[in-house]
Amino acid sequence: MSGVVVVGSANLDVVVRVPRIPGPGETLLAGGIARGAGGKGANQAVASARAGGAPTAFVGAVGRDDDGAALRASLTAAGVGVEALGESGEPSGTALISVSDDGENAIVVVGGANASWDRLSDAQRATVAAADVVLAQLEVPLDVVLGAAHARRPGVPFVLNAAPSRDLPPALWAQVDVLVVNEHEARDLAGGASLDDAVAALAARVPAVVVTLGAQGCVVVEGQRRTDVLGTPVRPVDTTGAGDTFCGVLAARLAAGDGLVEAARWGGAAAALAVQRPGAQSAVPTADETRRARAAQDDGADGADGADLADGARSARTEGTPR
Ligand code: RIB
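Residue numbers for the sequence shown follow the numbering used here, beginning at 7 and rising by one.
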């Protein structure tokens, strides 16, 4: 197969609706509880597959349990290839998610099978080797992420969504072609007094960086060229998985031949739809929905398109980052 191969986590999401994200020591009464398919890797694979344009396979690990079967079924239903989805003696990953009335969330992940996955199998390496674009995150062990980067063919872009935040070893930095982070992850990785400083520091380490800014769009830096891509103002219902939708659609568009800025526009259009729906994989839009949203974006115009970093033309905005 060619197309997009997503390497990462799959979790069963247990979601409670709460008036606000609870603070330390606080007990809140939830308005409801729901279970759904999630995990950053699996969400991104579903988003890529639903975007159309490129076949998508998922490389990951689930437990030999009912949750594992449900996670596999959700991927399959979205059209994701699961031949390289391994099984583990550990329970499937679980994410405990609080979603507040304003759509924000707080997530605790129990890694389970994701965390016990220590290296790619031969079959998983072969799947990665057939990819046109490889997309990974940081919810599985770093050795697995690095193994995926090494398994790709020369010249195949390795897109790393550095979420959740953790330090990257130099060997992994050296593999990254496109780094996708939200503003918090950008600051965690790069430090810096301002977001612009963080963006510049990251751009100095990898060939291309995308920093998502939620409703305010994203910043794309390729070499010295910076493009500020406008976002779509929407009222969020649940931001869970919106960043995953962005990454999956971006990867699918890269595999279909788009440049990075155009791929980011598509990712932003899809993420703006995803935040208006509850859940993670359940919120990922169809290709038709994303196409319409992308067409509507063209009525607006991006700012600072193609500005040179050296010009100091910077206007990074800082609110509403999708996670
Ligand atoms: O990015 C959202 C995802 O993070 C959720 O689906 C949850 O499983 C955690 O992995």
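All C-beta atoms in this analysis are idealised placements derived from N, C-alpha and C, irrespective of residue type, glycine included.
Kindly indicate which three-state DSSP category E410 falls into: helix, strand or coil?
Coverage of the chain is limited to positions 7 through 329, which leaves residue 410 absent and any answer about it impossible.
inquiry  = Taking 7 Å as the cut-off, is the beta-carbon of E96 closer than that to any non-hydrogen atom of ligand 1?
reply    = The answer is no for E96.
task = For A210, name the three-state secondary structure that DSSP assigns.
result = coil
What is the C-beta distance between Q287 and N111, in whole angstroms, given that I count them as a contact (C-beta under 8 Å)?
So it is not a contact: roughly 15 Å between Cβ atoms.
Measuring alpha carbon to alpha carbon, tell me which residue in L266, P284, E32 is nearest F164.
Checked all of L266, P284, E32; the closest Cα to F164 is L266.
- Item | Alpha-carbon to alpha-carbon, A40 and E89 | 28 Å
Next on the checklist: Assuming D71 is part of the beta strand (DSSP E), what are its boundary residues?
Outcome noted: Neither: D71 is in no beta strand (DSSP E) and is coded neither H nor E.
request  = Below 8 Å CB to CB, which residues in the same chain sit around A84 once its five sequence neighbours on both sides are set aside?
outcome  = A51, V52, A55, R56, Q287, V290
By the 10 Å Cβ neighbour count, where 16 or more other Cβ atoms means buried, how is V114 classified, buried or exposed?
-> exposed
Next item on the list: Output yes or no for whether 8 Å exceeds the beta carbon distance between V227 and V205.
Entry: yes
Check your understanding: Rounded to a whole number of angstroms, what is the C-alpha to C-alpha distance between V20 and A101?
Key -> Each residue's alpha carbon lies about 6 Å from the other.
- Query: How many Å lie between G274 and S8 at the Cα?
  - Reply: 24 Å
Closer than 7 Å: is that where the CB of G273 sits relative to any heavy atom of ligand 1? No, ligand 1 has no heavy atom inside 7 Å of this Cβ.
- Task: Could you give the DSSP three-state label for L185: helix, strand or coil?
- Result: strand
Quick one, are the C-beta atoms of V4 and A278 less than 8 Å apart? Because the chain in this structure spans residues 7 to 329, residue 4 falls outside the shown range and cannot be described.
### Task
Check whether the Cβ of G247 sits closer than 7 Å to any heavy atom of ligand 1, and report yes or no.
Answer for G247: yes, Cβ within range of ligand 1.
Under DSSP, the beta strand (DSSP E) around D234 begins and ends at which residues? Segment 231-235, the beta strand (DSSP E) holding D234.
- Do you know offhand how far V216's Cα is from L208's? 10 Å
Excluding the five sequence neighbours on either side, which residues of its own chain have a C-beta within less than 6 Å of the C-beta of G59, listed in chain order? A258, A262
- Just reading off the beta strand (DSSP E) that G44 is part of, what are its end residues? Where G44 is concerned, the enclosing beta strand (DSSP E) stretches over 38-44.
With DSSP collapsed to three states, give me the class of L349. The structure shown does not extend to residue 349, since the chain is modelled only from 7 through 329, so no value can be given for it.
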